[in-house]
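Participant: Each number in this note's numbering corresponds to the 1-based position in the sequence shown with 8 added. The structure that follows is given in the form of structure tokens.
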Amino acid sequence: MRFTASWALPALLSSASARFVMYADEWHPTRPTNAQDRAGIDHVVLAFANANNTAGYSPKVPISTIRSEFPNAKVMIAVGGWGDDIGFNTVSNSDGSIQKFADDVNAMLTNTGADGVDIDWEYPGGNGADYKQVSNSAKSYQIEAYPKLLAATRAAIGPNKLLSIAVPGKKGDMLAYTSETGPLIWPSVDYINIMSYDLMNRRDNVTQHHTSVVGSEETIKNYLDIGAPASKINLGFAYYAKYFTTAGDCSASPLDCPIKPAEDPVTGKDLLTSGAWTFERQHMAPVDVNTLIVSTDGTCGPDKGTKCASGCCSQYGNCGTSPEHCSGACQHAFGTGCTDADVAGSWQNAAKNSVTDDKAGGQYYYDPANSLFWTWDTPDLITRKFNDIVRKYNLGGVMAWSMGEDSNDWSHIKRMADELAKGPSKPGSTYKPKPTSKTSKPKPKPTQKPQPPSKTYVPTPPAPKYPTADDYRTLPGNPTLESNPDLPYDVVWVDGTTDGPAGDHSTEPGSPDDYTIVWVDENGVPEETVTPKPQEQYEAQAGAVPVPAPAPAPAPAPAPVASYDDGSWSSGKYDDGSWNPSKYNRKEEGARVPGTTEHVVGYDEAPATVSEYRQEEKEEPQYEQVCTLRRVRKRGSKKRGSRKRAAKWVV
9 MRFTASWALP
19 ALLSSASARF
29 VMYADEWHPT
39 RPTNAQDRAG
49 IDHVVLAFAN
59 ANNTAGYSPK
69 VPISTIRSEF
79 PNAKVMIAVG
89 GWGDDIGFNT
99 VSNSDGSIQK
109 FADDVNAMLT
119 NTGADGVDID
129 WEYPGGNGAD
139 YKQVSNSAKS
149 YQIEAYPKLL
159 AATRAAIGPN
169 KLLSIAVPGK
179 KGDMLAYTSE
189 TGPLIWPSVD
199 YINIMSYDLM
209 NRRDNVTQHH
219 TSVVGSEETI
229 KNYLDIGAPA
239 SKINLGFAYY
249 AKYFTTAGDC
259 SASPLDCPIK
269 PAEDPVTGKD
279 LLTSGAWTFE
289 RQHMAPVDVN
299 TLIVSTDGTC
309 GPDKGTKCAS
319 GCCSQYGNCG
329 TSPEHCSGAC
339 QHAFGTGCTD
349 ADVAGSWQNA
359 AKNSVTDDKA
369 GGQYYYDPAN
379 SLFWTWDTPD
389 LITRKFNDIV
399 RKYNLGGVMA
409 WSMGEDSNDW
419 SHIKRMADEL
429 AKGPSKPGST
439 YKPKPTSKTS
449 KPKPKPTQKP
459 QPPSKTYVPT
469 PPAPKYPTAD
479 DYRTLPGNPT
489 LESNPDLPYD
499 VVWVDGTTDG
509 PAGDHSTEPG
519 SPDDYTIVWV
529 DENGVPEETV
539 TPKPQEQYEA
549 QAGAVPVPAP
559 APAPAPAPAP
569 VASYDDGSWS
579 SGKYDDGSWN
589 PSKYNRKEEG
599 ARVPGTTEHV
609 VGYDEAPATV
619 SEYRQEEKEE
629 PQYEQVCTLR
639 RVRKRGSKKR
649 GSRKRAAKWV
659 V
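Here you go:
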């Protein structure tokens with residue numbers, strides 16, 4: 009796959025008018041209703057489509073609606089997001105799967121009418137949500153596959169569609185971004201959205217700013233040092249604060265103070281001692297408990313104005329007494345029994361009494377009563393970032409995550425728009441990238457002309473060993489999602505673990521999903537992507553995570569063997585008359601029934617659809633649908649999630 013360098017990429021905006029790229033995610037759906045609050049935003053990126061099911065993506069908010077609200081903006085679709093490790097593991101595994109991904113992206117843009125795509129792979133080469141399950145060394149092949157995937161995507165969508173990438177802010181996560189790989193990446197993309205936030209996360213051990221002027225500037229310099237064009241760079245801003253529980257009293261020195269472990273050292277799961285707090289209306293206003301009324305429907309919180317009759321009010325606004333209701337940012341003012349720190353109350357103190365670190369350019373607050381350290385960006389610090397970074401380095405634009413998270417007063421959005429309207433106040437950047445060991449003293453042979461970076465890629469090295477699909481299906485405690493290769497669906501946990509990112513799962517409703525259920529055919533291909541041409545499917549390479557071939561079926565329910573395998577069943581034995589021996593008898597377990605969407609699931613070989621065959625002599629269901637409701641978390645969300653319904657057929 010090649011990218012023709014002579015193609016003309018979409019023209020960049022002039023330096024007098026930098027880009028304003030705004031992510032709009034489905035978990036914080038509020039959008040400005042006043043046109044003045046939307047002013048300046050010229051790119052809206054809808055998040056997220058799954059990497060391994062891109063062609064079937066349909067935005068929750070129609071693109072036509074976004075265009076009506078932002079008539080002068082380009083509308084793009086982001087693919088991936090935090091936790092989409094399985095998707096990117098699959099699509100990057102071989103040349104064939106890379107080409108399939110590129111073609112799917114093109115189909116998605118054609119079907120939706122979007123102006124471009126943002127590849128949000130967190131992160132090629134490792135350090136993703138599954139880093140405790142899959143080592144970085146096992147993902148080293150992705151460092152080479154990443155520029156290959158971008159070049160293929162550019163070739164597939166053509167020169168008139170936009171292609172951007174979201175890239176890590178922490179240098180330790182820049183495994184795929186080096187002076188060697190950069191020249192293979194930058195020509196394919198229009199924009200580089202640098203996530204210069206989350207510079208402190210739950211993998212750290214001491215308090216620091218999760219975003220700051222100094223930290224963001226260092227991030228930008230890291231990319232300039234490896235050849236990223238300043239004109240393509242968008243500096244990232246976060247519309248949320250982060251909090252961390254300290255190990256002791258940090259009153260004397262809130263910065264560089266030890267924190268309690270924020271993730272399990274073995275599994276990497278969130279221990280709920282840290283989190284994010286958005287600038288949404290329900291988070292910013294003080295609570296007057298005297299105005300609250302008792303909930304009659306089990307919901308609670310500031311947006312409802314109700315409190316629980318008994319028990320805890322979870323961070324998602326549901327009453328209950330489970331550990332998940334009563335910890336993890338439990339809303340103390342709206343119920344009783346919370347066992348964790350009062351995060352909402354602590355934030356009210358932080359917002360009023362915060363401290364500006366003038367040297368680093370960050371905002372923070374330490375709450376000794378709750379042992380919480382807070383860190384975030386203010387509108388004034390946004391101005392400093394424009395002066396000290398965007399204008400200083402003559403960057404092409406800015407981006408922010410995410411629109412709905414600033415819905416209290418839109419103050420961060422408006423400050424960014426105001427700064428963009430001012431235009432550049434300084435001439436071009438005088439920054440000189442640091443020479444690298446391989447570029448500081450180039451010595452081409454006298455008889456040779458220096459050659460541009462090659463865009464022809466060597467074959468992908470042998471793919472690493474990944475957890476099998478059964479690893480992702482083995483979900484302890486959930487009777488409907490146990491490891492069972494007979495089931496015609498794949499349970500996909502967003503962080504690549506075997507039982508989800510939160511460890512113990514809640515039955516609490518109302519929060520985003522932690523896993524998705526993808527119906528697959530007998531080859532492990534998602535049903536939405538099945539076509540008549542097998543060669544167009546993702547190749548089942550060693551590094552992919554396909555659904556395994558059907559395992560030997562378990563022993564059937566007690567019944568005469570002849571009743572199942574000798575073709576003796578007839579319509580007279582079933583009260584609905586629908587039995588067709590030629591369709592179902594002696595089919596391979598797990599196979600798709602020709603001409604239908606049904607799958608054979610056992611020796612009795614009934615279709616996995618909502619049909620119940622009854623034996624006249626028993627008048628009992630041959631199958632029953634077993635459902636359970638589990639608490640789950642959605643990819644990309646920083647919050648714990650909702651109940652999900654799943655089903656299997658049993659004999």
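All residues carry an ideal CB built from backbone N, CA and C; glycine is no exception.
#1: Write down every uninterrupted run of the beta strand (DSSP E) in the stretch 130-157 whose length is 3 residues or greater and which is fully enclosed by it, in chain order.
#2: Near residue 439, which residues of its chain fall below 8 Å by C-beta distance, leaving aside the five closest residues on each side in sequence?
#3: Taking all protein chains shown into account, decide if residue 173 is buried (16 or more other Cβ within 10 angstroms of its Cβ) or exposed.
#4: What's the gap between the Cα of residue 43 and the Cα of residue 132?
#5: Just how far apart, CA to CA, sit residue 156 and residue 406?
#6: Can you tell which of 292, 345, 336 has the C-alpha that lies nearest to the C-alpha of residue 316?
#7: Could you spell out the range, first to last residue, of the beta strand (DSSP E) harbouring residue 2?
#8: Opposite residue 234 in the DSSP bridges: which residues?
#9: Give a yes or no on contact between the stretch 44-63 and the stretch 106-119, applying the rule of three or more CB pairs nearer than 8 Å.
#10: Would you mind working out which of 227, 226, 206 sits nearest residue 249, comparing C-alpha positions?
#11: Where does residue 218 sit, in a helix, a strand or coil, going by DSSP?
#12: Identify whether residue 254 lies in helix, strand or coil by the three-state DSSP scheme.
#13: Closer than 8 Å is the cut-off here; do at least three beta carbon pairs connect the stretch 25-40 with the stretch 407-420?
#14: Can you look up residue 211 in the DSSP assignment and give me helix, strand or coil?
#15: List the endpoints of the continuous alpha helix (DSSP H) containing residue 119.
#16: Going by DSSP, what residue range makes up the beta strand (DSSP E) through residue 380?
#17: Rounded to a whole number of angstroms, what is the C-alpha to C-alpha distance between residue 495 and residue 218?
#18: Distance, Cα to Cα, residue 25 vs residue 168?
#19: The alpha helix (DSSP H) with residue 76 in it runs from where to where?
#20: Quick check: the Cα distance between residue 27 and residue 123, rounded to an integer number of angstroms?
#21: Would you report the Cα separation of residue 443 and residue 347, rounded to the nearest angstrom?
#22: Evaluate contact between the stretch 416-428 and the stretch 69-84, counting only Cβ atoms and requiring at least three cross-stretch pairs below 8 Å.
#23: Beta-carbon separation of residue 267 and residue 284 under 8 Å?
#24: Rounding to the nearest angstrom, what Cα-Cα distance links residue 159 and residue 193 in this structure?
#25: Count the other C-beta atoms from every protein chain shown that fall within 10 angstroms of the C-beta of residue 310, then say buried if there are 16 or more, exposed otherwise.
#26: Can you grab the Cα-Cα spacing for the pair residue 241 / residue 339, in whole Å?
#27: Taking the beta carbon of residue 94 as the centre, do at least 16 other beta carbons fall within 10 Å, making it buried, or is it exposed?
#28: Can you tell me where the beta strand (DSSP E) with residue 371 in it begins and where it stops?
#29: From residue 98 to residue 105, what does the alpha carbon distance come to, in whole angstroms?
#30: Ends of the beta strand (DSSP E) at residue 408?
#31: List, from N- to C-terminal side, the alpha helix (DSSP H) runs of 4 residues or more that fit wholly inside the stretch 292-346.
#32: For residue 319, count neighbouring Cβ atoms within 10 angstroms of its own Cβ and tell me buried if that reaches 16, exposed if not.
#33: Under the assumption that residue 257 contacts residue 376 (Cβ atoms under 8 Å), give the Cβ distance between them as a whole number of angstroms.
#34: Look at the Cβ atom of residue 356, then the Cβ atom of residue 294, and state whether they are nearer than 8 Å.
#35: So residue 390 packs on residue 245, CB below 8 Å; how close in whole Å?
Facilitator: So, to answer that:
#1: For the stretch 130-157, not one full-length beta strand (DSSP E) segment reaches 3 residues or more.
#2: Looking up residue 439 in the sequence shown gives position 431. Excluding sequence neighbours, residue 439 sits near 229, 232, 400, 401.
#3: Stepping through the sequence shown from its first residue, residue 173 is reached at position 165. Under this definition residue 173 is a buried residue.
#4: Taking the first residue of the sequence shown as 1, we reach residue 43 at position 35. Taking the first residue of the sequence shown as 1, we reach residue 132 at position 124. Annotation: residue 43 to residue 132 spans about 38 Å, alpha carbon to alpha carbon.
#5: In the sequence shown, counting from the first residue as 1, residue 156 sits at position 148. In the sequence shown, counting from the first residue as 1, residue 406 sits at position 398. Distance from the CA atom of residue 156 to the CA atom of residue 406, rounded to whole angstroms, is 26 Å.
#6: Walking along the sequence shown from the start, residue 316 turns up at place 308. Taking only the C-alpha atoms, the option nearest residue 316 is 345.
#7: Because the chain in this structure spans residues 9 to 659, residue 2 falls outside the shown range and cannot be described.
#8: By 1-based counting over the sequence shown, the position of residue 234 is 226. Residue 234 pairs with nothing; no bridge assigned.
#9: Yes, since at least three Cβ pairs between the stretch 44-63 and the stretch 106-119 fall closer than 8 Å, the two stretches touch.
#10: Counting from 1 along the sequence shown, the entry for residue 249 is found at position 241. Residue 249 has its Cα closest to that of 206, out of 227, 226, 206.
#11: Translated into the one-based positions of the sequence shown, residue 218 becomes position 210. Under the three-state reduction of DSSP, residue 218 is assigned to coil, being neither helix nor strand.
#12: For the purposes of this step, residue 254 is taken as the residue at position 246 of the sequence shown. DSSP places residue 254 in the strand class (E or B) of the three-state scheme.
#13: Yes: the two stretches touch, three or more of their Cβ pairs being nearer than 8 Å.
#14: Translated into positions along the sequence shown, residue 211 becomes position 203. Coil.
#15: The count along the sequence shown starts at 1 and reaches residue 119 at position 111. First-last of the alpha helix (DSSP H) with residue 119: 103-120.
#16: On the sequence shown, residue 380 is found 372 positions in, with the first residue counted as 1. Run containing residue 380: 380-384, per the beta strand (DSSP E) assignment.
#17: As a first step, residue 495 is located in the sequence shown; it is residue number 487 there, counting from the start. As a first step, residue 218 is located in the sequence shown; it is residue number 210 there, counting from the start. Bear in mind that the predicted position of residue 495 carries a pLDDT of just 39, short of 50, making it too unreliable to give a figure here.
#18: To locate residue 25, count along the sequence shown from 1; it is residue 17. To locate residue 168, count along the sequence shown from 1; it is residue 160. Looking at the two C-alpha atoms, the distance is approximately 21 Å.
#19: Translated into the one-based positions of the sequence shown, residue 76 becomes position 68. Per DSSP, the continuous alpha helix (DSSP H) segment holding residue 76 begins and ends at 71-77.
#20: Reading the sequence shown from its first residue, position 19 is the one you call residue 27. Reading the sequence shown from its first residue, position 115 is the one you call residue 123. If I take the Cα positions, the gap works out to 15 Å.
#21: Position 435 of the sequence shown, counting from 1, holds the residue named residue 443. Position 339 of the sequence shown, counting from 1, holds the residue named residue 347. If you take the alpha carbons of residue 443 and residue 347, they lie about 52 Å apart.
#22: Output reads no: the stretch 69-84 does not touch the stretch 416-428.
#23: In the sequence shown, the residue the question calls residue 267 occupies position 259. In the sequence shown, the residue the question calls residue 284 occupies position 276. Residue 267 is not a Cβ neighbour of residue 284, given a cutoff of 8 Å.
#24: Translated into the one-based positions of the sequence shown, residue 159 becomes position 151. Translated into the one-based positions of the sequence shown, residue 193 becomes position 185. Distance between the alpha carbons of residue 159 and residue 193: 8 Å.
#25: In the sequence shown, the residue the question calls residue 310 occupies position 302. Looking at its Cβ environment, which holds 16 or more other Cβ atoms inside 10 Å, residue 310 is buried.
#26: Position 233 of the sequence shown holds residue 241. Position 331 of the sequence shown holds residue 339. Taken atom to atom, the span from the alpha-carbon of residue 241 to that of residue 339 is near 39 Å.
#27: Reading the sequence shown from its first residue, position 86 is the one you call residue 94. By the 10 Å Cβ count, residue 94 comes out buried.
#28: As a working note, residue 371 is residue 363 in the sequence shown. Here the beta strand (DSSP E) through residue 371 covers 370-375.
#29: Numbered from its first residue, the sequence shown carries residue 98 at position 90. Numbered from its first residue, the sequence shown carries residue 105 at position 97. Going by C-alpha positions, residue 98 is about 7 Å away from residue 105.
#30: Walking along the sequence shown from the start, residue 408 turns up at place 400. First-last of the beta strand (DSSP E) with residue 408: 405-409.
#31: For secondary structure counted as the alpha helix (DSSP H) over 4 or more consecutive residues, the stretch 292-346 holds these complete runs in sequence order: 331-334.
#32: Counting from 1 along the sequence shown, the entry for residue 319 is found at position 311. Classification for residue 319: buried.
#33: Residue 257 sits at position 249 when you count from the first residue of the sequence shown. Residue 376 sits at position 368 when you count from the first residue of the sequence shown. The C-beta distance from residue 257 to residue 376 rounds to 6 Å, short enough to fall under 8 Å.
#34: As a working mapping, residue 356 is identified with position 348 in the sequence shown. As a working mapping, residue 294 is identified with position 286 in the sequence shown. When the beta-carbon positions are compared, residue 356 and residue 294 come within less than 8 Å of each other.
#35: The residue given as residue 390 occupies position 382 in the sequence shown. The residue given as residue 245 occupies position 237 in the sequence shown. Confirmed, Cβ separation roughly 7 Å.
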